Structures are given as structure tokens and as C-alpha cells.
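> First residue of the sequence shown? That's 5 in our numbering, and the numbers climb one at a time after it. Each residue gets a CB set at the ideal place from its N, CA and C atoms; glycine is no exception. Computed from a prediction, not measured in an experiment: that's the story for all the values here.
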Amino acid sequence: MRFFKQLLGVVVLSVAALGAAASPQNPASGTEYTVIPLPQPVPAGKKIEVIEFFAYWCPHCNAFEPLLADWVKKQGDNIVLKRIHVPKSDLTLPQQKLFFTLDTMGVAEQYQAKVFHAMHVQREKFTKDEQMFDWVAKQGFDRKKFIDIYRSLPVQHRVKQADKAMADYGIDSWPTIVIDGRYRTSPQQAGASLQGAEPEIDYYKAALAVTDHLVAKARAEKK
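1. First and last residue of the beta strand (DSSP E) that includes Glu56?
2. I'd like the list of long-range same chain contacts for Ala166, defined as Cβ closer than 6 Å, with 5 residues on each side in sequence excluded.
3. When we look at the beta-carbon of Gly110 and count the other beta-carbons within 10 Å, is it buried (16 or more) or exposed?
4. Just the Cα atoms here: how many angstroms apart are Val16 and Arg147?
5. Write down the C-beta distance between Gly174 and Arg188 rounded to the nearest angstrom, noting that I regard them as a contact closer than 8 Å.
6. Restricting to Cα atoms, I'd like to know which of Ala213, Pro63 and Asp184 is closest to Ala48.
7. What does the Cβ neighbour count give for Arg127, buried or exposed, with the cut at 16 atoms within 10 Å?
8. Would you say the region 64 to 82 touches the region 210 to 223, given that touching needs at least three Cβ pairs under 8 Å?
9. Can you say whether Ser27 is buried or exposed, counting buried as having 16 or more other CB atoms within 10 angstroms of its CB?
10. So what's Lys129 in DSSP terms, helix, strand or just coil?
11. Reducing DSSP to helix, strand and coil, say where Ile183 ends up.
12. Could you spell out the range, first to last residue, of the beta strand (DSSP E) harbouring Leu85?
13. To the nearest angstrom, how far is it from the Cα of Lys132 to the Cα of Lys168?
14. Tyr37 lies in the alpha helix (DSSP H); which residues open and close that run?
15. To the nearest angstrom, how far is it from the Cα of Ser177 to the Cα of Lys50?
16. Exposed or buried, which one is Asp107 when buried takes at least 16 other CB atoms within 10 Å?
17. Apart from the five residues just before and just after Tyr60, which ones in its own chain have a Cβ nearer than 6 Å to its Cβ?
18. Tell me the rounded alpha-carbon separation between Glu134 and Gly195.
19. Let me check understanding here. Comparing Cα to Cα, which of His64, Asp74 and Asp94 lies closest to Pro203?
20. I need the DSSP call for Arg223, collapsed to helix, strand or coil.
21. Can you tell me whether DSSP reads Arg147 as helix, strand or coil?
22. Alpha helix (DSSP H) containing Arg69: first to last residue?
23. Got a sec, what are the start and stop residues for the alpha helix (DSSP H) Thr108 sits in?
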């Protein structure tokens, strides 16, 4: 696995090589997004499933979160957002289990920004279970109830399923967004046509512009 690559090292693809002026607003398959070879099943209905693969410890995921949160709010009932916390090592396993515990309790979205703030601003480590249990208790959770869910079989199962999901969707960097089980993009990929010296935030905006395009494409294909 590798992290979100250095933004200044993004390769700029020429218009001549593409045969058309691809951009985040006019994305091309194989450039700003990828068509997943084996589409994955999605919930039935008119809403489009959007999955974010992320990690609490990832600084790029932390920077991307406010923009993604605003984007999701603007979507209303058009999409269903799902998040999958990626694995890395034993040191980050407590963070992964923290997310799946919060998600199982139905409060993951409510605490998403709070966990990022705790780790990246307050410098909480969250590399040990007890560190996290102390923090969640300070947030007002029933410590014993939280620990019971944290150590439960459903949470252990979701941790194992994260590995499978990464393989199924071809995830090797994060944050990465999957749309309707068929399309995949990321700030790095969506910003392929940028010049390499733009602020990092421009790559995040590019990813959401491509996601907008793919959500509309997936919705049209459902009709």
C-alpha cells in the first residue's frame, strides 16, 4: 500500500496524447477516473452509492474531509455515502476498529470530524485501545458499552471485510472514491490534468468535480 503521492509529482498528460481536452469537469476514463473491471453489487434503488476509502491517520484524508462533508450535504437524497477505513498495521488497527465501532453505533458521521481533529490537531495517538477508550469516555459514551461493541464479532468481521473491499475495488491509495460500484477516482487521479504546482485543495476539488460527473453518469445509466 502507498499513501497519496506527492502532489507536485503528478504526471501531466498532454492533450495530444488524450485526443481530447480531459479535465475534472470533462473527465475521461483511464485519466481522471477508472472503470472497475468487475463491477461490485450496490443497493437497489435510485440513490447512487458513493464509498470513500480513508484512514484517520492519513493527513490527506483529514484535509479532504471538510470538502467531502460539504459535498455530501449538497447531494441530499441523491446518494448514499459509505466509508471504509483502510488497514495498515497493528498500530493503526485501533483507529480502524474505532471507526467501525462508531459506524455500528450509527454515529460515525457525527464523530468523523471530531476524530480527525483529535488526531491531527490535538495530537491524540490512538495506537492503543486504552487511549481510545479514554477519549470516547470523555465524549460522553458509556465506556463499557463502547468496549463491548469494539470487541464484538461484527466489528471484527468488518475489519476483515475491509481487506476484501480494497481488493475488490482495486484500492492502493487513499482517499479514494468509488461510485456505484463501477467507477473509481481520487484527488491524485482527478487532478491528472492540473499543472502540478496548484494548492493541494485544488486536487480535492477536482476529485469532487469528477465524482459529480460520475454520479450523474451512474444515475443516467440506471434509467
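Taking the geometry as given:
1. Ile52 to Phe58
2. Ile88 and Pro91
3. exposed
4. Residue placement at Val16 cannot be trusted, given a pLDDT of 38 that sits under 50; the coordinates are not used to answer.
5. 7 Å
6. Asp184
7. exposed
8. yes
9. buried
10. coil
11. strand
12. Ile83 to His89
13. 24 Å
14. Neither: Tyr37 is in no alpha helix (DSSP H) and is coded neither H nor E.
15. 29 Å
16. buried
17. Gln99, Val119 and Met123
18. 40 Å
19. His64
20. helix
21. helix
22. This sequence places Glu at residue 69; Arg is not what is there. Glu69 -> alpha helix (DSSP H) spans Pro63 to Gln79.
23. Leu97 to Thr108
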